[in-house]
Amino acid sequence: MGDDRSHVLAMRWAFGFSRHAGVHNLCDENRAALFFASAHTGVIYDLNSKKQKLLQGHCNLISCTSASRDRRYIATADRGPESMVVIWDTYSGTPIQTIANPHEGGVAVMDMSSDARYLVTISDGQGPQVLSIWDIKTADQGPIHSAQVCTADDSEASAERQICVRFDQTDVHSIVSNGESLVVFWSWADDKLTYYAPPLSQRDFKQPVGALTKSIFIPNSGRAASVTVDGDALLWSCVDLPEVSSTDRRATKLVKLHSDAVRFMDVVGDMVVTGGAD
């Protein structure tokens, strides 16, 4: 092998992956590929050629990732000093947009809208968390909406840390986020960001409700679902009560799906797919 000193520190291959950052299926009619994060680097692995395309640029460990519905774009984010969000074209492997310092402390979780136009991020760090919505085309100019995460009683000082955030695939103006016991429904219709955190009590179901892990919207139904470490799914439905808005949701059903913790939930076509530790 020749002595190529100009590329002594050039990365050639990534071993292992960051399980908390997610793995994305990029397979379509033109390719068979997967995306995953490995420390500071995003990796597109071609299943046919057995080659890796390395997406580099983060100064910190990649904390979360999200893919567009058509698998064309991937967003990567990190947390720590000089954090950033990068949106990549998965075919060329080149960045198409970069958001420098999106939040103080970086990004804990994020999601990309189904049309790949918007990004929602929730901050990391020691202070109160902030949710921001970004138009990807103009993201370098700042978010179009931002708000601090609050509790069900609007107590900003005691807001629970949010560990998941998702767009509604059929309504880009609807967002759901959750912590271990707090679910927040966000809306930015009419160019105004509002939120509602419905109360959740064990008395509603006459049994304990385990810590929540993930939440999604069920397409074309007006409903949402959250899954728990106990293997249950919690269904959120719009309610018709005089004291709440017609778009507000309440927990209406608790269904056993797995015998152990559910750590993954997503919508694939008309199906809701879950992954349990069992």
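Numbering (this note's numbering), first residue to last: 5 to 282. Note that the Cβ used here is the ideal one computed from N, Cα and C, for glycine as well. Owing to the predicted nature of the structure, the values given are computational and were not obtained by experimental measurement.
Helix or strand or just coil, what does DSSP make of Arg73? Your numbering for residue 73 matches position 69 in the sequence shown. The answer is coil: DSSP assigns Arg73 none of H, G, I, E or B.
Beta carbon of Glu184, beta carbon of Ala228: below 8 Å? The sequence position of residue 184 within the sequence shown is 180, counting from 1. The sequence position of residue 228 within the sequence shown is 224, counting from 1. For Glu184 and Ala228, no; Cβs fall outside 8 Å.
Own chain, CB closer than 7 Å to Pro132, minus 5 neighbours either side, in chain order: What you label residue 132 is simply residue 128 of the sequence shown in a count that begins at 1. Hits under 7 Å: Gln152, Val153, Glu160 and Ala163.
Which term fits Thr69, buried or exposed, when burial requires 16 or more other beta carbons within 10 angstroms of its beta carbon? In the sequence shown, residue 69 corresponds to position 65, counting from 1. Classification of Thr69: buried, given that the 10 Å Cβ count is 16 or more.
Spatial neighbours of Asp274 within its chain, please: CB distance less than 8 Å, with the 5 preceding and 5 following residues excluded, ordered by chain position.
Working through the sequence shown from its first residue, we reach residue 274 at position 270. Contacts found: Pro223.
| With DSSP run on the structure shown, which of helix, strand or coil describes Arg23? | Reading the sequence shown from its first residue, position 19 is the one you call residue 23. Three-state DSSP puts Arg23 in a helix.
Pick from Ala79, Asn182 and Gly84 that is closest to Ile100, judged by C-alpha positions: Taking the first residue of the sequence shown as position 1, residue 100 is located at position 96. Of Ala79, Asn182 and Gly84, the residue nearest in Cα terms is Ala79.
**OP:** For the beta strand (DSSP E) containing Asn182, list its first residue and its last residue.
**Re:** As a working note, residue 182 is residue 178 in the sequence shown. Segment Asp175 to Asn182, the beta strand (DSSP E) holding Asn182.
Please classify Ser250: does DSSP put it in a helix, a strand, or coil?
As a working mapping, residue 250 is identified with position 246 in the sequence shown. Residue placement at Ser250 is poorly supported in this model, since its pLDDT is 48, which falls under 50; the coordinates are not used for a value here.
Do Leu58 and Thr45 have their CB atoms nearer than 8 Å?
In the sequence shown, counting from the first residue as 1, residue 58 sits at position 54. In the sequence shown, counting from the first residue as 1, residue 45 sits at position 41. A contact, by the Cβ cut-off of 8 Å.
Ser287 versus Thr256: straight-line alpha-carbon distance, rounded
The shown model of the chain, from 5 to 282, leaves out residue 287, and the question about it has no answer.
Q) Got a sec? Which residues, its chain only, sit under 7 Å from Gly20 by beta carbon, not counting five neighbours each side? A) Working through the sequence shown from its first residue, we reach residue 20 at position 16. The answer, listed in chain order, is Ser42.
**Request:** Measure the alpha-carbon distance for Gly84 versus Ala120 and round it to whole angstroms.
**Result:** The residue given as residue 84 occupies position 80 in the sequence shown. The residue given as residue 120 occupies position 116 in the sequence shown. In a straight line, the C-alpha of Gly84 is about 26 Å away from that of Ala120.
- When you compare each of Leu239, Arg267, Ala104 and Asp234 to Gln145 by their alpha carbons, which one comes out closest? Looking up residue 145 in the sequence shown gives position 141. Answer by Cα proximity: Ala104.
ask   = Can you tell which of Ile140, Tyr95, Thr125 and Cys63 has its C-alpha closest to the C-alpha of Ser181?
value = For the purposes of this step, residue 181 is identified with residue 177 of the sequence shown, where counting begins at 1. Nearest C-alpha to Ser181: Thr125.
In the DSSP assignment, find the unbroken beta strand (DSSP E) run with Pro99 in it and report its ends.
Position 95 of the sequence shown, counting from 1, holds the residue named residue 99. Note, Pro99: beta strand (DSSP E), Pro99 to Ala104.
- Task: Let me know if Lys141 comes out buried or exposed under the rule of 16 or more other beta-carbons within 10 Å of its beta-carbon.
- Result: Locating residue 141 in the sequence shown gives position 137, counting from the first residue. Lys141 should be labelled exposed.
request  = Using DSSP bridges, identify the partner residues of Asn52.
outcome  = Counting from one through the sequence shown, the residue named residue 52 turns up at place 48. Looking at the DSSP assignment, Asn52 forms no beta bridge with any residue, so it has no partner.
Do you know offhand how far Ala37's Cα is from Phe209's?
-> Position 33 of the sequence shown holds residue 37. Position 205 of the sequence shown holds residue 209. Between Ala37 and Phe209, the C-alpha separation is close to 43 Å.
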